[in-house]
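If you want my numbering, it's the 1-based position in the sequence shown plus 1.
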Amino acid sequence: MRPHQIGAIAVDKVIEFEFWFDPSEAFPDYDVEVARTHRDWLAPDFFDFAQMKIRSSVHSYILRTSKYCVLVDTCVGNDRDRVQPMWHRQNRNYLENLARAGLKPEAVDFVMCTHLHGDHVGWNTRLEGGRWVPTFPNARYIFSKADYDYFNAARPGDRHYPPMADAVRPIVEAGQASIVGNDFAVDDELAIYPTPGHTPGHYCVHLTSAGKQAMLTGDLMHHPIQVNRPDWSSRFCYDPEHARRTRTRFIDDHADRDVVIFAAHFPGPTAGRIVGTERGTIFRVTGP
Ligand SMILES: [Zn+2]
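As structure tokens, this is what we get:
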């Protein structure tokens, strides 16, 4: 996408990969009638009605403020031993894609992981001479304390253990991690906005610049259909009930407001707004 402008902040997206899946695999409460009712805005970008499959994306956002270069969520990464077949021993061109977006790893000032699942921390590190080293040598990496404490307790054999071992702990050991509470802000343009439930310390990234606002929502929602059905939690949510309450409140608070939403897994044109209609809230694409 071309960079999207939020006041003085440019927002760019770098895709690692996209894929299709059956919505009932992700959402236990999935109801096909809801998809049919909202076909006019779900198709073709978000939902393939020929296959009845959902499109999904794994990507990062690059934020360029007047002071800082920030990378939000770092996808799955290469060379990882993972229990998820799609993530196992990937060999993708992510760093080349970053370079195409004009980003050198040394230029990143902050890496913000909305949460510590394996598809949001992977490129924190890369394999060099058999060791996992920080991919972004000059960055502070921002991890929420609640997530760090929870995932750091994972033991070998737990599916949350490998990403901690090869993508989070090496950052802590390199002295580049800031493990932060709910009130953390980089400056007056960039702050975290706590949205626990998907994970214990999940956060959104709140941008405010020149009177404009945006929210990078991480995995608060996995697919635009949840803008209409915020009560549908995913199977990947740590506490589905808590995730449901947090998501519902977020949708209520941001409907019909001038806040641009950039989600971590919405495919295609990810910039949009939450809009109230007679059919409930929907996601209206607003940008590239
Ligand atoms: Zn995710």
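Even for Gly, the Cβ is constructed at its ideal location relative to N, Cα and C.
Check	Outcome
Quick test of your reading: Thr-196 and His-203, contact by CB under 8 Å. State the CB separation rounded to the nearest angstrom.	5 Å
Can you give me the start and stop residues for the beta strand (DSSP E) that Glu-174 sits inside?	Where Glu-174 is concerned, there is no enclosing beta strand (DSSP E), although the alpha helix (DSSP H) it sits in stretches over 170-174.
Buried or exposed, going by whether 16 or more other CB atoms sit within 10 Å of the CB of Ala-44?	exposed
For the candidate residues Ser-61, Val-71, Pro-4, Trp-21, whose alpha-carbon lies nearest to that of Gln-52?	Trp-21
Kindly indicate which three-state DSSP category Ser-25 falls into: helix, strand or coil?	helix
Taking 8 Å as the threshold (C-beta atoms), are Ile-143 and Val-181 in contact?	yes
I want to know whether the stretch 182-195 touches the stretch 129-139 - three or more CB-CB distances under 8 Å.	no
Tell me which residue opens and which closes the beta strand (DSSP E) that Pro-135 is part of.	132-135
Can you determine whether any heavy atom of ligand 1 sits closer than 7 Å to the C-beta of Ala-264, and answer yes or no?	no
At a threshold of 7 Å, does Asp-220 count as lining ligand 1 (C-beta to nearest heavy atom)?	yes
Tell me which residue opens and which closes the beta strand (DSSP E) that Asp-148 is part of.	Element bounds for Asp-148: not the beta strand (DSSP E) but the alpha helix (DSSP H), 146-153.
Within 10 Å of its beta-carbon, does Leu-117 have 16 or more other beta-carbons around it, so buried, or fewer, so exposed?	buried
Can the beta-carbon of Ser-58 be found closer than 8 Å to that of Leu-72?	no
Please tell me whether, using a cut-off of 7 Å, the distance from the CB of Ile-240 to the nearest non-hydrogen atom of ligand 1 is below it.	Looking at the sequence shown, residue 240 is not Ile but Asp. It does not: the Cβ of Asp-240 is nowhere closer than 7 Å to a heavy atom of ligand 1.
What are the residues that DSSP puts in a beta bridge with Asp-49?	Lys-54
Measure the Cβ-Cβ separation of Tyr-162 and Arg-156 and say whether it is below 8 Å.	yes
Give the single residue among Ser-210, Leu-217, Asp-150 whose Cα lies nearest to the Cα of Thr-115.	Leu-217
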